[in-house]
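Please read the structure below before turning to the comments.
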Amino acid sequence: LIGKMENDLKSIHGVADVISLAGYNLLTYVQTPDTSSFIVVLKDWAERNAEHISLRDIVAEIDKKMDAYPQAASFPFVPPTIPGLGNASGFAFELQDTGGHTVNELAAVADKVVAAARKRPELTAINNTMRTSIPLLQLDVDRDRAATRGVAVSDVFKQLQAMLGGLVVDEFTYFNRTWDVMIQAEPEFRANQGSLASIYVRNDTGQMVPLRSVTTVRRDLGTDFIQRFNTNREIQIFGSNAPGYSTGQAIAAMSEVAAKTIPAGYTYGWSGTAYQEVTVGNTQNIIFAFSVLLVFLSLAAQYESWVMPLAVLLAVPTGVFGAFLSVLLWRLDNNVYVQIGIILVIGLAAKNAVLIVEFARERRAHGASISEAATDAARLRFRPILMTSFAFIIGVIPLMLAHGAGAASRQALGSTVFAGMLAATCLGIFFTPSLYELCQRFIERGKKPSEDETSAELAAPHPREEPA
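Numbering follows our numbering, in which position 242 of the sequence shown is assigned residue number 282; successive positions increment by one, without gaps.
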């Protein structure tokens, strides 16, 4: 079966080689006889770009190939973004038993969590590492019979460990390296249930007692390994954020699922990159809030007004709207590159608004009415804003069309900035003058200039249009 799977994986376009690890689980780092892991080595970026094959295409094709083997439960996963933080990309949800329940009860709760999580649009590739239907040999030690024969129970377990699982008994140095000396029975003496008849344990008088005389063996179903997290018995549930959703949204969705499906006596935690993200929390929201506050205070000091900065800040959402629209249309993840692009769009949208507001304030100071000042500012600043904005927009098109290693990050940044600046330019040129007029009228409400002030303002020369 492993050989057939390996050949199918090698036949996928974009795959250079496949390494199979029979009996080893890469997700749990546990050796089990009914598990196999495959390391799929991809072709170079240049070769895959020529065929327009992305990582997601290869993962989808692997899923399709593995569906042809109903006798095997398989799922592909990508290595973690930061080596050492988790076993796979996405999130690792740790369902923990804190009430002393059985393994089967814990597995039943995990199945409910997985079933509910698979219904959420924010989540994809939800799987857990626990299986409770594995054929096992349950060995029970008759402690009374062992005591009668002078056999210590600890010696029984130690002998089983040494003969079946292997035991390190010594070490030696060779070629400036330290090597372990391990004892273990040959494969033919630990291949089946009958092999237990050949295992003996020494009693307190030095005689060898057959292991089967103090134990009974029965067949059962259960799990091949048990994991612990924070000293609690646990089941790992792996998953990832669906296209168009951020990892934060996926973690929030998984937390909602856990709150609805996990009963009393159980809890959950996070590991890997998800743990780091949960620990840090929503600090980016605090950073955004302080950034807006800093800009507001700077503009308030420049304009000597607490109201006029709103004409600039309220024009910024037009660019943010375009940035988020690109995330939805191109089905991008709301990742760190998208957030960097949004910050860049905020700055550039504010720059365009400042140009209009500053020029309108000058026109108003030279005697123009509020409406005339807003209209003249929009008309005279229209060409410079379009020239600078579209020069920037055209300049980020290569980022949108990027290919090769790191293309996903460049595409996310380029698409966000492209759509955000396009919206900020096309919409901001109309919104900003209106916002200025509203703020200026609010500032001057109830104020009636004298006739001398009015005639002096009307006699003042108007500023000329500045070159771009």
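Where is the CB? At the ideal position from N, CA and C, for every residue including glycine.
Identity of the residue in the options nearest residue i by Cα
| i | options | result |
| --- | --- | --- |
| residue 374 | 290, 385, 406 | 290 |
| residue 229 | 88, 242, 202, 61 | 202 |
| residue 320 | 337, 288, 330 | 288 |
| residue 281 | 128, 204, 183, 199 | 128 |
| residue 253 | 215, 240, 412, 434 | 240 |
| residue 472 | 483, 369, 349 | 349 |
| residue 303 | 141, 431, 359 | 141 |
| residue 259 | 179, 247, 332, 333 | 179 |
| residue 126 | 145, 246, 111, 68 | 68 |
| residue 99 | 313, 50, 440 | 50 |
| residue 232 | 257, 211, 245 | 257 |
| residue 108 | 148, 118, 48 | 48 |
| residue 54 | 110, 74, 96 | 96 |
| residue 272 | 143, 360, 44 | 143 |
| residue 117 | 345, 66, 94, 358 | 66 |
| residue 124 | 204, 313, 104 | 313 |
| residue 299 | 149, 388, 315 | 149 |
| residue 430 | 204, 388, 449 | 388 |
| residue 358 | 467, 341, 343 | 467 |
| residue 343 | 402, 245, 412 | 402 |
| residue 209 | 110, 161, 220 | 220 |
Cβ neighbours of residue i in the same chain (closer than 8 Å, five flanking residues each side left out)
| i | result |
| --- | --- |
| residue 279 | 130, 131, 133, 157, 163, 164, 165, 166, 167, 290, 294 |
| residue 363 | 378, 381, 382, 385, 456, 457, 459, 460, 463 |
| residue 206 | 222, 223, 224 |
| residue 324 | 379 |
| residue 498 | Caution applies to residue 498, whose pLDDT of 47 falls short of 50 and renders its modelled position unreliable; the model cannot decide the point. |
| residue 452 | 372, 373, 375, 377, 378, 381 |
| residue 193 | 181, 183, 186 |
| residue 368 | 284 |
| residue 189 | 243, 249, 253, 254 |
| residue 365 | 459, 463 |
According to DSSP, residues forming a beta bridge with residue i
| i | result |
| --- | --- |
| residue 57 | 81 |
| residue 424 | Paired residue(s): none; residue 424 is not in a bridge. |
| residue 223 | 207 |
| residue 315 | Its beta-bridge partners do not exist; DSSP assigns none. |
| residue 62 | 76 |
| residue 217 | 214 |
| residue 71 | 64 |
Same chain only: Cβ atoms within 6 Å of residue i, ignoring 5 sequence neighbours per side
| i | result |
| --- | --- |
| residue 264 | 72, 174 |
| residue 114 | 106 |
| residue 283 | 371 |
| residue 351 | 397, 475, 476, 479 |
| residue 199 | 241 |
| residue 81 | 56, 57 |
| residue 238 | 229 |
| residue 495 | In this prediction, residue 495 has a pLDDT of 43, which is less than 50 and means its spatial position is unreliable; what the coordinates show is noted afterwards. Here the set comprises nothing. |
| residue 195 | 241 |
| residue 414 | 400, 473, 476, 477 |
| residue 191 | 241, 243, 249, 254 |
| residue 93 | 53, 54 |
| residue 44 | none |
Whole-Å CB distance - residue i paired with residue j, under 8 Å assumed
| i | j | result |
| --- | --- | --- |
| residue 261 | residue 176 | 7 Å |
| residue 419 | residue 410 | Residue 419 to residue 410, Cβ: 15 Å. No contact. |
| residue 139 | residue 306 | 7 Å |
| residue 153 | residue 318 | Contact doesn't hold; Cβ gap of about 17 Å is too wide. |
| residue 121 | residue 276 | Not confirmed; about 18 Å, so no contact. |
| residue 400 | residue 417 | 4 Å |
| residue 353 | residue 336 | 6 Å |
| residue 218 | residue 211 | 5 Å |
Proximal residues to residue i (C-beta, below 7 Å), its chain only, five neighbours per side dropped
| i | result |
| --- | --- |
| residue 554 | Residue 554 falls outside the range modelled here, since the chain spans only 41 to 508, and no answer is possible. |
| residue 60 | 42, 46, 76, 78 |
| residue 309 | 134, 136, 269, 270 |
| residue 425 | 392, 395, 465, 469 |
| residue 433 | 458, 461, 462 |
| residue 440 | 451, 454, 455, 458 |
| residue 347 | 479, 482, 483 |
Beta carbon proximity, residue i to chain C, threshold 8 Å
| i | result |
| --- | --- |
| residue 174 | Judged by its chain identifiers, the structure shown contains no chain C, having just a single protein chain. |
Residue i CB to nearest heavy atom of the ligand ADP below 7 Å
| i | result |
| --- | --- |
| residue 51 | As for the ligand ADP, it is missing from this structure, which has no ligand bound. |
List, from N- to C-terminal side, the alpha helix (DSSP H) runs of 4 residues or more that fit wholly inside the region 430-480. 437-440
Hey, which unbroken runs of the beta strand (DSSP E) at 3 residues or more fall wholly within the region 131-199? Within the region 131-199, the beta strand (DSSP E) runs of at least 3 residues that lie entirely inside it are, in chain order, 131-137, 163-168, 174-181.
Report the residue ranges of all alpha helix (DSSP H) runs contained in full by the region 227-309; include only those spanning at least 4 residues, in chain order. Qualifying alpha helix (DSSP H) stretches, in chain order: 287-301.
Which runs of the beta strand (DSSP E), 3 residues or longer, sit entirely within the region 99-126? none
Can you check the region 375-414 for any alpha helix (DSSP H) of at least 4 residues that lies completely inside it and give the ranges in chain order? 376-405
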